[in-house]
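Q: In my numbering, the protein residues as written are 186 to 292.
Every residue, glycine too, gets a C-beta built ideally from N, C-alpha and C.
Here it is, the structure in full.
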């Protein structure tokens, strides 16, 4: 099967050390008209500052690594109890792990 040479990518230009690099395609110069010379650039939009914080929670996971329940960080005992109850009920090992969640705080 013959390859069409016109469809092949152009060969890169080799640049000697100390020589300026050139490109095959020259950049087009912008056209300046009387309207565009007197035009005022638009002011940049101000961004509203939204502060984000992270909180730590205890999460109970099943053997398939799916999150079953989420507890506040100070409720570690309740999370352990829930994991042990689910382990006894289903027969699969459930476990707890710390997770971080992003909380947006309006300034």
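On a CA-only basis, which of 241, 196, 228 and 249 is nearest residue 260? Give me that one, please.
A: Residue 241 is the option with its Cα nearest to residue 260.
Q: Leaving out five residues before and five after residue 265 in sequence, what residues of the same chain have Cβ atoms less than 8 Å from its Cβ?
A: Here the set comprises 281.
Q: Rounded to the nearest angstrom, how far is the Cβ of residue 247 from that of residue 255, given a contact under 8 Å?
A: 13 Å between Cβ atoms; not a contact.
Q: In the DSSP assignment, the beta strand (DSSP E) including residue 254 goes from what residue to what residue?
A: Counting along the chain, the beta strand (DSSP E) containing residue 254 begins and ends at 252–257.
Q: Among 275, 272 and 236, which residue has its Cα nearest to the Cα of residue 288?
A: Comparing Cα positions, the closest option is 236.
Q: Just verifying my parser: in three-state terms, what is the DSSP assignment at residue 268?
A: Residue state, collapsed to three classes: helix.
Q: Give the straight-line distance between the Cα atoms of residue 233 and residue 286, rounded to the nearest whole angstrom.
A: Approximately 22 Å between the Cα atoms of the pair.
Q: Got a sec, what are the start and stop residues for the beta strand (DSSP E) residue 289 sits in?
A: Start and end: 280–291.
Q: What separation, rounded to the nearest whole angstrom, lies between the Cα atoms of residue 231 and residue 239?
A: The straight-line gap from Cα to Cα measures roughly 25 Å.
Q: Looking only at DSSP bridge pairs, what is residue 239 linked to?
A: Beta-bridge pairing links residue 239 to 287.
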